[in-house]
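Undergrad: Sharing a structure with you now.
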Amino acid sequence: MEIQTCSELSMHAQLEQAESFLRQCYSELEKSPAELKQRIEAVHNEIRQTGTYHHTAEELAHGAKMAWRNNSRCIGRLFWHTLEVIDARQAETAHQVAEALFRHLERAGNGGRIRPVMTVLRSGREPETAIRIWNHQLIRYAGYPEEDGQPRRGDPASDAFTAVCRKLGWQGSGGDFDVLPLVISIGEEPPRWFTIPEALVQEVPLSHPEIGRFSELGLRWYAVPVVSDMLLEIGGVLYPAAPFNGWYMETEIGSRNLGDTGRYNRLPAVAELLGLDRSTNTSLWKDRALLELNRAVLHSFKQAGVSIVDHHTAADQFVRFQEQEKQRGREVSGKWHWLIPPMSPSSTPIWEDNKLKELNLSPGLIYQKPAYAGPDRNPADDIPSMKCPFHQ
Ligand code: ARG
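Set out below in structure tokens:
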């Protein structure tokens, strides 16, 4: 086939990607060869006529599960098949999208017994019509940089987005744990923002199993991490708004969100509380503070009845996932430096795994440029295979 134009090229690519997805999806769902053949023909026709195609609810649900299974950075993939997929492709207005996101939080939060959920909004990546969620996660804390001698507050990772929210008219209290509003745009219309109803924001105040004064640090974290800025790709169809969640692993909160120097940077405060000697590295005060902070996260979530997994259990589950995939004849894509947990990594079995490699699998969850002008993610992460080779 001789390819002349960009649209022909993308149509050809679309046909191929659709077909290869349908083959894998239908074989995993144990559909008959006749059903597969019929579906491929129908999809070919739809692509020829409209340039794209619509997934059935079943294809969408299974494709989303495959995208989770394929994500090289996720240690929690043993549970990929339990993902609950909410088909919200009918939502058109920013209001309707916000409603769908509220429903997501309710369904996923489930009073603490967290359910892995993905809500898929309609496909299409053209800037004139695309649905975009501007938040990195549906629930996240605002960040306020140091200003006029006032110390910085909140989560530094949210500074740029918080400034966007304030420009749009949102006002935070200027505290360390202000929940940001949802910001949604449809095509080139100005974005709309929505306050998340308090009842949908589950949070866990941190306390320690032995150290009573730990709660005086005033630390807390939210229960459900819903990543909302990635693009879901299934069989060549792009869904730029498809927020998804699992439950937390304690090191995400204890080691990274609260421990990182570029985030809440609370190791010195924890060490101070523990009475550790911070004048020398050899007291291992950082390591001891990290350990107690992570214990506090696990203890507090358990006490609050909110699902959480520790990094040893998660690593064991990942090994079971690898074994399971091997049995089913599928290769696992894995990024070692993301999969090893950020505390005591060498005491987990992933540490020794020198065979992990990243594969370019589809369906997938892909980084995309933030919807607002902010600090860019690594442009190399932006779907290279989706770009027209002639007009890059
Ligand atoms: N690491 C991110 C955070 O700490 C959340 C990413 C998704 N995590 C998860 N357990 N599903 O907020």
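Our numbering numbers the first residue of the sequence shown as 14 and each following residue consecutively. Virtual Cβ for every residue (Gly too), placed ideally from N, Cα, C. Predicted model only: the values in this text are computed from it and were never measured.
Counting pairs of beta carbons, one from the segment 265-272 and one from the segment 343-357, are three or more of them closer than 8 angstroms?
TA: yes
Undergrad: At a cut-off of 8 angstroms, is residue 238 close to the ligand ARG when judged by its beta-carbon and the heavy atoms of the ligand?
TA: yes
Undergrad: Taking 8 angstroms as the cut-off, is the CB of residue 277 close to at least one heavy atom of the ligand ARG?
TA: The ligand ARG never approaches residue 277 closely enough for any of its heavy atoms to be under 8 angstroms from the residue's Cβ.
Undergrad: Taking only three categories from DSSP, how would you classify residue 207?
TA: strand
Undergrad: Rounded to whole angstroms, what's the CA-CA distance from residue 16 to residue 277? Just pull it up for me.
TA: Because residue 16 sits at a pLDDT of 47, beneath the cut-off of 50, its placement in the model cannot be relied upon, and the following sentence gives the value as read from the coordinates. It is roughly 52 angstroms from the alpha-carbon of residue 16 to the alpha-carbon of residue 277.
Undergrad: Per DSSP, residue 198 forms a beta bridge with which residues?
TA: 145
Undergrad: If contacts are defined as beta-carbon pairs under 8 angstroms, then residue 193 and residue 220 qualify, I think. What distance do you get, rounded to the angstrom?
TA: At roughly 25 angstroms, the Cβ-Cβ gap does not stay under 8 angstroms, so residue 193 and residue 220 are not in contact.
Undergrad: Thinking C-alpha only, which one of 179, 217 and 218 is nearest residue 206?
TA: 179
Undergrad: Taking only runs of the alpha helix (DSSP H) that begin and end inside the segment 37-100, which ones reach a length of at least 4 residues, in chain order?
TA: 46-63 and 70-82
Undergrad: Consider the C-beta atom of residue 307 and the heavy atoms of the ligand ARG; say whether any pair is separated by less than 8 angstroms.
TA: no
Undergrad: Measure the alpha-carbon distance for residue 235 versus residue 312 and round it to whole angstroms.
TA: 14 angstroms
Undergrad: Are there three or more Cβ pairs, one per stretch, closer than 8 angstroms when the segment 284-294 is compared with the segment 369-389?
TA: Contact fails: fewer than three Cβ-Cβ distances are below 8 angstroms.
Undergrad: Residues in the same chain with beta-carbon distance under 7 angstroms from residue 26, minus the five sequence neighbours each way, listed in chain order, please.
TA: Excluding residues within five positions, the ones whose Cβ falls inside 7 angstroms are 249.
Undergrad: CB of residue 150 to nearest heavy atom of the ligand ARG: below 8 angstroms?
TA: yes
Undergrad: Give a yes or no on whether the C-beta atoms belonging to residue 246 and residue 379 are separated by under 9 angstroms.
TA: yes
Undergrad: For residue 279, count neighbouring Cβ atoms within 10 angstroms of its own Cβ and tell me buried if that reaches 16, exposed if not.
TA: buried
Undergrad: Under 8 angstroms by Cβ, that's how I've got residue 210 and residue 115 pegged, so tell me the actual separation to the nearest angstrom.
TA: 7 angstroms
Undergrad: Spatial neighbours of residue 30 within its chain, please: C-beta separation below 8 angstroms, excluding the five flanking residues on both sides.
TA: 248, 249 and 375
Undergrad: For residue 344, I'd like the list of residues in its chain whose CB is within less than 7 angstroms of its CB, leaving aside the five on either flank, ordered along the chain.
TA: 372
Undergrad: On the DSSP letters alone, give me the boundaries of the alpha helix (DSSP H) that residue 326 sits inside.
TA: 324-340
Undergrad: Under a Cβ-count criterion, where at least 16 other Cβ atoms within 10 Å of its own Cβ denotes burial, should residue 242 be classed as buried or exposed?
TA: buried
Undergrad: Which first and last residues belong to the alpha helix (DSSP H) in which residue 352 is found?
TA: 349-352
Undergrad: By alpha-carbon positions, which one of 131, 231, 163 and 175 ends up nearest to residue 148?
TA: 175
Undergrad: Indicate whether the contact test is met: 3 or more Cβ pairs, each with one atom in the segment 126-139 and one in the segment 96-113, closer than 8 angstroms.
TA: Taking a cut-off of 8 angstroms on C-beta distances, the segment 126-139 touches the segment 96-113, as three or more cross pairs fall below it.
Undergrad: Verify the contact flag: residue 336, CB atom, against every heavy atom of the ligand ARG, threshold strictly below 8 angstroms.
TA: no
Undergrad: May I ask whether a heavy atom of the ligand ARG can be found less than 8 angstroms away from the beta carbon of residue 351?
TA: Residue 351: no, Cβ never under 8 angstroms from the ligand ARG.
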